[in-house]
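Written out below as structure tokens is the structure these notes cover.
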Amino acid sequence: MNPERYPAYSILDGLIYHNEWLYISSDRTVQEALLTTYHDDQNHFDVSKTQGNLSHDFLWPGIMSDVEAYIQSCDSCAQNKSSTPASVEFLHSLAVSSNRFQEIALDFIGPLPESNGYDCILIMIDRLTDYVLIELMAMTATTPEIALLFYMT
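The opening position of the sequence shown corresponds to residue -13 in the working numbering, with each subsequent residue numbered one higher.
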């Protein structure tokens, strides 16, 4: 390699560097090993974070598209990916009823550490008065059991 013709490249200990990045040849085995290390072994980060971490140290032609393809083919990411589609329009507040206990908001908190057979909390809030009722329950409660708890409270 001619240093005058390629000033951004250097050879150190038999390895080729482009500026500060170690240049990886078109050896797919080495590239796959690096993709595994920088994606699978580091918490399955998304494309941009994996690309950033990998391209901080290494360079090869097509590195960005290889990262995208690798992550798209990652079975673990496909199974654990949470889908959060963008909202189509702005969110609007719900109209509040004019009668107490006509509209009740429900929220479940759990699972929690079990105590006396309970590992979840049901929170019921009247939307007009903000009156709060809290009931203990089990995470394994069925819909009829939750409905009964709601109506008995």
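Every residue, glycine too, gets a C-beta built ideally from N, C-alpha and C.
- The beta carbon of glutamine 17 sits closer than 7 Å to those of Ile10, Trp46, Asp52, all from its chain and outside the five residues before and after it, given in chain order.
- Between the stretch 52 to 65 and the stretch 91 to 105, the count of C-beta pairs closer than 8 Å stays below three; the two stretches do not touch.
- Using a 10 angstroms sphere on the CB of glutamine 37, the tally of other CB atoms reaches 16 or more, which defines it as buried.
- Proximity of the stretch -6 to 14 to the stretch 24 to 32 falls short of the contact definition, fewer than three beta-carbon pairs being nearer than 8 Å.
- When only Cα atoms are considered, serine 41 and threonine 15 end up about 17 Å apart.
- The three-state secondary structure of valine 82, taken from DSSP, is coil.
- Counting only the Cα atoms, alanine 19 lies some 52 Å from proline 130.
- Judged by DSSP in its simplified three-state form, methionine 125 adopts coil rather than helix or strand.
- When DSSP states are grouped into helix, strand and coil, isoleucine 10 belongs to the coil group.
- Around the C-beta of tyrosine 137, fewer than 16 other C-beta atoms lie within 10 Å, and the residue is accordingly described as exposed.
- DSSP places cysteine 106 within a strand segment (E or B) once states are collapsed to three.
- Of the residues Thr139, Leu(-2), Leu114, the one whose Cα lies closest to the Cα of glutamate 121 is Thr139.
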